[in-house]
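The structure appears right after this line, and notes come after that.
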Amino acid sequence: MLDPQLLRTDLEHVAGRLAMRGYHLDIENYAALEARRKELQTKTEELQAERNTRSKSIGQAKARGEDIEPLLAEVGRLGDDLKAAKEELEKVREHLDHLALDMPNLPAGQVPEGHDESDNEEVRRWGEPTALAFEPRDHVEIGEMLEGIDFEVAAKLSGSRFAVMAGDVARLHRALAQFMLDMHIREHGYREMYVPYLVLDSAMQGTGQLPKFAEDAFATSDDPTRYLIPTAEVPLTNLVADEIVDADRMPLKFVAHTPCFRREAGAYGKDTRGMIRQHQFDKVELVQIATADTAEDCHEALTGHAEAILQALELPYRVMLLCAGDMGFSARKTYDLEVWLPGQQAYREISSCSNFGDFQARRMKARWRNPDTGKPELVHTINGSGLAVGRTLIAVLENYQQRDGSVIVPEPLRDYMGGRERIPLPGD
RNA sequence: GGAGAGGUGGCAGAGCGGUUGAAUGCACCGGUCUUGAAAACCGGCAAGGGCUAGCGCCCUUCGAGGGUUCGAAUCCCUCCCUCUCCGCCA
Numbered sequence: 016m017l018d019p020q021l022l023r024t025d026l027e028h029v030a031g032r033l034a035m036r037g038y039h040l041d042i043e044n045y046a047a048l049e050a051r052r053k054e055l056q057t058k059t060e061e062l063q064a065e066r067n068t069r070s071k072s073i074g075q076a077k078a079r080g081e082d083i084e085p086l087l088a089e090v091g092r093l094g095d096d097l098k099a100a101k102e103e104l105e106k107v108r109e110h111l112d113h114l115a116l117d118m119p120n121l122p123a124g125q126v127p128e129g130h131d132e133s134d135n136e137e138v139r140r141w142g143e144p145t146a147l148a149f150e151p152r153d154h155v156e157i158g159e160m161l162e163g164i165d166f167e168v169a170a171k172l173s174g175s176r177f178a179v180m181a182g183d184v185a186r187l188h189r190a191l192a193q194f195m196l197d198m199h200i201r202e203h204g205y206r207e208m209y210v211p212y213l214v215l216d217s218a219m220q221g222t223g224q225l226p227k228f229a230e231d232a233f234a235t236s237d238d239p240t241r242y243l244i245p246t247a248e249v250p251l252t253n254l255v256a257d258e259i260v261d262a263d264r265m266p267l268k269f270v271a272h273t274p275c276f277r278r279e280a281g282a283y284g285k286d287t288r289g290m291i292r293q294h295q296f297d298k299v300e301l302v303q304i305a306t307a308d309t310a311e312d313c314h315e316a317l318t319g320h321a322e323a324i325l326q327a328l329e330l331p332y333r334v335m336l337l338c339a340g341d342m343g344f345s346a347r348k349t350y351d352l353e354v355w356l357p358g359q360q361a362y363r364e365i366s367s368c369s370n371f372g373d374f375q376a377r378r379m380k381a382r383w384r385n386p387d388t389g390k391p392e393l394v395h396t397i398n399g400s401g402l403a404v405g406r407t408l409i410a411v412l413e414n415y416q417q418r419d420g421s422v423i424v425p426e427p428l429r430d431y432m433g434g435r436e437r438i439p440l441p442g443d
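So the first sequence is numbered by the working numbering: it starts at 16 and just counts up by one.
What follows is the structure, encoded as structure tokens:
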């Protein structure tokens with residue numbers, strides 16, 4: 016949510032920045048509603064103040080043993096007027112709230128203009144695209160040869176966009192998640208968290224998935240409705256919802272390994288082959304809760320933590336600064352990490368690291384107490400994948416594939432694979 | 001699932017329907033004292049919103065939502081959550 020103060024004082028500027036990311040804000044409509052709100056609020060508060068003073072004087076008169084009948088008569092229909100004013104104010108408020116929840120975050124100053132991923136800026140590159148001395152197979156072929164990934168049997172169970180993994184590939188998938196978690200805990204100072212995979216709509220609203228993107232999430236049919244988390248960002252970030260965090264604990268750094276569930280409602284026909292885009296996938300998620308003046312640094316650091324995994328696995332990647340049009344709803348600045356996939360001969364997103372400023376914090380009422388002022392201030396939230404486990408598995412399979420279809424196990428994963436150095440073909 | 005207890009400020013914990021936005025303690029901030037620290041003492045200290053150039057004034061908030069009343073933290077209803085005991089269970 017944007018600062019309502021900013022919307023009141025600098026509406027045109029806000030509208031301009033929102034236009035950068037393709038959001039049209041109807042200035043006149045908003046200004047009119049806001050004026051109406053102000054008028055009604057003033058009126059309501061005046062009526063309330065009058066009621067309060069009169070009621071108080073009734074109490075005092077009664078305490079002195081005076082006759083309160085005439086006073087009661089005076090109050091008359093004050094209550095009815097007040098009730099009517101309140102109801103009208105509530106309607107306008109709801110309308111404004113709805114608009115506010117619908118508005119995406121403002122892009123940060125450094126964010127390039129643009130509409131889609133073609134306008135993203137490459138910030139840096141690590142490693143060279145893997146050169147294979149043979150025609151590279153993609154992970155679907157490799158998975159088949161290893162009898163390690165089965166999309167058909169998954170479709171039987173669950174329909175499209177699911178996978179069943181088996182044997183060494185399943186183990187490699189687990190190894191990756193373990194390795195990532197351990198590295199973030201041991202080397203990057205994150206606190207490991209185990210969190211619910213089903214959350215209430217308040218949590219989804221806190222991080223910005225609701226109310227606007229309900230069609231992207233799986234929901235339960237019980238009451239209250241719960242949502243399958245589309246990312247651990249939701250439970251991890253909402254840990255501080257309605258909290259006032261102690262200054263000396265900042266920044267909070269959380270890491271969790273969870274499954275993620277996405278409807279992929281708008282992705283018909285996109286990435287239908289293989290495991291790139293699934294309804295269910297595992298991810299190791301990093302979240303930091305920071306103060307306003309450290310958030311930028313924390314964002315850079317967190318991005319580095321995600322990069323460190325790719326570097327340790329020696330997977331070539333590049334870092335992209337997303338343009339305004341390609342950023343997620345709640346983000347003010349986002350770096351995507353894109354890993355090289357030999358099977359596609361392309362860089363593909365494997366992590367997205369964003370700074371949300373106070374956008375999510377305002378929705379969540381997440382604050383910290385600034386010792387300088389003694390006052391609570393909104394926290395800034397940052398998160399990123401560190402990394403998407405399924406896509407990392409794909410990257411390992413494709414970048415470490417051998418001519419015969421076997422796959423070398425990257426060195427840091429071998430301890431997690433019982434010392435194995437290679438995933439052999441079945442029967443080999 | 002059955003029975004009971006409870007949800008109040010950063011935390012703990014009081015609170016007859018009417019100067020209670022809320023006692024008290026802790027924590028925190030400032031001051032006195034001290035070579036320094038601690039202790040002691042004095043003072044301050046909720047959040048959100050509106051109006052104002054500012055001093056400041058006003059409104060709202062005691063789990064959530066309704067209701068009774070001139071007036072609700074206090075009474076009534078519904079819901080949520082927590083705790084204890086029993087049952088069941090990974």
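C-beta: ideal position from N, C-alpha, C; glycine also.
Please determine whether the Cβ atom of residue 200 lies at a distance below 7 Å from any heavy atom of the ligand HEM. No copy of the ligand HEM appears in this structure; indeed no ligand is present at all.
With a cut-off of 8 Å on the beta carbons, I'd call residue 431 and residue 423 a contact; round off their distance for me. Here residue 431 corresponds to residue number 416 of the first sequence, with the count starting at 1. Here residue 423 corresponds to residue number 408 of the first sequence, with the count starting at 1. Between residue 423 and residue 431 the Cβ distance is about 15 Å, and since that is not below 8 Å, they are no contact.
Close-in-space but distant-in-sequence residues of the same chain around residue 180 (CB under 7 Å, 5 per side omitted): Taking the first residue of the first sequence as 1, we reach residue 180 at position 165. Once the five neighbours on either side are set aside, the close Cβ partners of residue 180 are 163, 164 and 188.
On the DSSP letters alone, give me the boundaries of the beta strand (DSSP E) that residue 215 sits inside. The residue labelled residue 215 in the question sits at position 200 within the first sequence. Segment 213 to 215, the beta strand (DSSP E) holding residue 215.
Would DSSP call residue 452 helix, strand or coil? Lying outside 16 to 443, the shown extent of the chain, residue 452 is not represented and no answer is given.
When DSSP builds the beta bridges, which residues end up paired with residue 352? Against the first sequence, residue 352 aligns to sequence position 337. Beta-bridge pairing links residue 352 to 334 and 366.
For residue 398, write down the residues that DSSP places opposite it in a beta bridge. Position 383 of the first sequence, counting from 1, holds the residue named residue 398. According to DSSP, which records beta bridges pairwise, residue 398 is partnered with 302 and 369.
Given a cut-off of 8 Å, decide if residue 118 and residue 476 are closer than it, judged by their beta-carbon atoms. Residue 476 is absent from the structure shown; the chain starts at 16 and stops at 443.
Helix, strand or coil at residue 279 according to DSSP, with G and I counted as helix: Position 264 of the first sequence, counted from the first residue, corresponds to residue 279. Correct three-state label for residue 279: coil.
Using the Cα positions of residue 69 and residue 60, report the straight-line distance between them to the nearest angstrom. Reading the first sequence from its first residue, position 54 is the one you call residue 69. Reading the first sequence from its first residue, position 45 is the one you call residue 60. Distance between the alpha carbons of residue 69 and residue 60: 14 Å.
Pull up the CB-CB distance for residue 48 and residue 107, whole angstroms please, since I reckon it's below 8 Å. Reading the first sequence from its first residue, position 33 is the one you call residue 48. Reading the first sequence from its first residue, position 92 is the one you call residue 107. Indeed they touch by this definition, with Cβ atoms about 6 Å apart.
Can the beta-carbon of residue 231 be found less than 8 Å from the beta-carbon of residue 280? For the purposes of this step, residue 231 is identified with residue 216 of the first sequence, where counting begins at 1. For the purposes of this step, residue 280 is identified with residue 265 of the first sequence, where counting begins at 1. Yes, the Cβ-Cβ distance between residue 231 and residue 280 is below 8 Å.
Taking 8 Å as the limit between beta carbons, can you name the residues of its chain near residue 123, skipping five residues before and five after? Taking the first residue of the first sequence as 1, we reach residue 123 at position 108. Hits under 8 Å: 347, 348, 370 and 372.
Enumerate, from N- to C-terminal direction, the unbroken alpha helix (DSSP H) stretches of 4 or more residues contained entirely within the stretch 240 to 278. 248 to 252
Please return the same chain residues whose Cβ sits closer than 6 Å to the Cβ of residue 274, not counting the five positions on each side in sequence. Taking the first residue of the first sequence as position 1, residue 274 is located at position 259. Within the same chain, residue 274 has close Cβ partners 295 and 297.
What residues in its chain sit with their C-beta under 6 Å from that of residue 73, if we drop five residues either side in the sequence? For the purposes of this step, residue 73 is taken as residue 58 along the first sequence, with counting starting at 1. 83 and 86.
What does the alpha-carbon distance come out to for the pair residue 307 and residue 375? Numbered from 1 along the first sequence, position 292 holds the residue referred to as residue 307. Numbered from 1 along the first sequence, position 360 holds the residue referred to as residue 375. Going from the Cα of residue 307 to the Cα of residue 375 covers about 13 Å.
Return the Cβ separation of residue 261 and residue 380 in integer angstroms, given the expectation that the two are a contact with Cβ distance under 8 Å. Working through the first sequence from its first residue, we reach residue 261 at position 246. Working through the first sequence from its first residue, we reach residue 380 at position 365. Not confirmed; about 16 Å, so no contact.
CB-CB length for residue 340 against residue 153, believed under 8 Å: One-based indexing of the first sequence puts residue 340 at position 325. One-based indexing of the first sequence puts residue 153 at position 138. Going by Cβ atoms, the distance from residue 340 to residue 153 rounds to 29 Å, so no, they are not a contact pair.
From which residue to which residue does the beta strand (DSSP E) around residue 136 run? Position 121 of the first sequence holds residue 136. Residue 136 -> beta strand (DSSP E) spans 136 to 141.
What are the start and end residues of each continuous beta strand (DSSP E) run of 3 or more residues lying completely inside the stretch 95 to 142, in chain order? 136 to 141
For residue 412, which option in 302, 324, 438 and 266 has the closest C-alpha, if you only look at C-alpha atoms? Here residue 412 refers to the residue found at position 397 of the first sequence. That would be 438, whose Cα lies nearest to the Cα of residue 412.
Here's the rule: buried if 16 or more other CB atoms are within 10 angstroms of the residue's CB, otherwise exposed. What is residue 395? For this step, residue 395 is matched to residue 380 along the first sequence. Answer is buried; the Cβ neighbour count reaches 16.
Name the two residues that bound the continuous alpha helix (DSSP H) containing residue 191. Indexing the first sequence from 1 puts residue 191 at position 176. Where residue 191 is concerned, the enclosing alpha helix (DSSP H) stretches over 182 to 201.
Grouping DSSP H, G and I as helix and E and B as strand, with all else coil, what is residue 416? In the first sequence, counting from the first residue as 1, residue 416 sits at position 401. Three-state DSSP puts residue 416 in a strand.
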